[in-house]
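For the sequence shown, the residue numbers in the UniProt record's numbering are 1 to 319. Data block below; observations after.
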Amino acid sequence: MKKYTYTDKKDTRSGFGAGLLEAGKRNDQVVALCADLIGSLKMQDFIAAFPERFFQTGIAEANMMGMAAGLTIGGKIPFTGTFANFSTGRVYDQIRQSIAYSNKNVKICASHAGLTLGEDGATHQILEDLGLMKMLPGMTVINPCDYNQTKAATIAIAEHEGPVYLRFGRPVVPIFTDPDQKFEIGKAWMVNEGADVSIFATGHLVWEAIQAGEKLAEEGIDAEIINIHTIKPLDAEAILASVRKTGCVVTAEEHNRLGGLGDSVAQVLATQLPTPQEYVAVNDSFGESGTPEQLMTKYGLDADHIVAAAKRAIARKTK
1 MKKYTYTDKK DTRSGFGAGL LEAGKRNDQV VALCADLIGS LKMQDFIAAF PERFFQTGIA
61 EANMMGMAAG LTIGGKIPFT GTFANFSTGR VYDQIRQSIA YSNKNVKICA SHAGLTLGED
121 GATHQILEDL GLMKMLPGMT VINPCDYNQT KAATIAIAEH EGPVYLRFGR PVVPIFTDPD
181 QKFEIGKAWM VNEGADVSIF ATGHLVWEAI QAGEKLAEEG IDAEIINIHT IKPLDAEAIL
241 ASVRKTGCVV TAEEHNRLGG LGDSVAQVLA TQLPTPQEYV AVNDSFGESG TPEQLMTKYG
301 LDADHIVAAA KRAIARKTK
């Protein structure tokens, strides 16, 4: 098992803030809109550098999406910012009709996604957003794993033509990817090569998958771990290549097991390479209040649950 270490922890939303500033420096067509959550979205540095390119919409998320769609007509590259729940569920009609249907070049940037929003509870946590967004024709869906990858992804989507949903989070998590990485949309990242089981993880679950891989290695199980940071377009080639080696799969995500990464992987496998698959995801329920660590454990999203899922997948493979 390849060793990954870290010297710092940071929230992925801060990676978005840093990436937005850099994207703004590189392209004067980049603009930002926020629904009264500047601090939560870490947009302060962009606003300080480019005050004339920032629009505070207030708590009017649907209007923000319409404004963003309109700005693209003049050649602007708008980045919208609010919580993931309000970036998707609250404004789905506006995204579908005003952005996705006409393929507008809007970057929908969503913080505080998943259970790890924590104490704010189920009304603010969203576990359905990846499914909602990946079903929209033409929508690119990205869920990076740490500060560095989120920063790189934010810069990359500014250069990508078409609507994008970028998902990130509130809690501090280990920084373990290259600070100078080039983010490739739709290209999975091989974290660790292995032969016994494929673990496809996304977002905060990538670090948990690494911890699981280390635990499995102690028991003589060689896990292949792949970071699926782009949910759509999905890197089916990488998935199939891995599964042909290992013969069984675990998918790990901070999302409802219905409609997320697991279902996307299952669709690829069902049509091209039927394979035993185990899900590490929230089992069709809402969240609740608690610390991120408590919720990840209670809902089965930590390294120990990935280890257990890997063993189940291997057992099914050998029957």
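Glycine is no exception: its CB is placed at the ideal position from the N, C-alpha and C atoms.
Inter-residue CB distance, residue i and residue j (contact presumed, cutoff 8 Å)
i      : j      : result
ALA35  : THR57  : 5 Å
ASN27  : ILE77  : 7 Å
ASP11  : PRO144 : Not a contact, Cβ separation roughly 12 Å.
THR271 : SER198 : That belief does not hold up - the Cβ atoms of THR271 and SER198 are roughly 17 Å apart, past 8 Å.
TRP207 : VAL173 : 6 Å
ALA68  : THR82  : Not a contact, Cβ separation roughly 11 Å.
SER111 : PHE16  : 7 Å
Cβ neighbour criterion (16 or more within 10 Å) applied to residue i
i      : result
GLU159 : exposed
GLU293 : exposed
ILE99  : buried
GLY260 : buried
SER285 : exposed
Beta-carbon proximity of residue i to residue j, cut-off 8 Å
i           : j      : result
ALA238      : ILE226 : yes
ALA113      : GLY169 : yes
residue 356 : ALA152 : Shown here, the chain extends from 1 to 319; a query on residue 356 therefore has no answer.
GLY203      : ARG167 : yes
HIS229      : ILE142 : yes
Same chain only: Cβ atoms within 6 Å of residue i, ignoring 5 sequence neighbours per side
i      : result
VAL282 : LEU127, ASN256, TYR299
GLN125 : LEU115, LEU117, GLY287
GLY70  : none
PRO233 : GLY186
ILE296 : For the sequence presented, residue 296 should be read as Met rather than Ile. Closer than 6 Å at Cβ, skipping near neighbours: ASP302.
Neighbourhood of residue i by C-beta distance below 8 Å, restricted to the same chain and skipping five residues each side
i     : result
GLY89 : ILE126, GLU128, ASP129, LEU132
GLY75 : GLN29
Close Cβ partners of residue i (< 7 Å) along its chain, the five nearest in sequence each way excluded
i           : result
residue 335 : What is shown of the chain runs 1 to 319, which leaves residue 335 out entirely.
ALA23       : VAL30, THR154, ILE155, ALA158
PRO179      : ASN148
GLY162      : ASN103, ASN105, GLY138, THR140
ILE306      : ILE199, GLU208, ALA209, ALA212, VAL250, ALA252, VAL280
Opposing strand residues paired with residue i [DSSP bridges]
i      : result
THR230 : ILE142
THR164 : It is worth fixing the name first, because residue 164 is Val in this sequence and not Thr. According to DSSP, which records beta bridges pairwise, VAL164 is partnered with LYS107, THR140.
GLY81  : CYS34, CYS109
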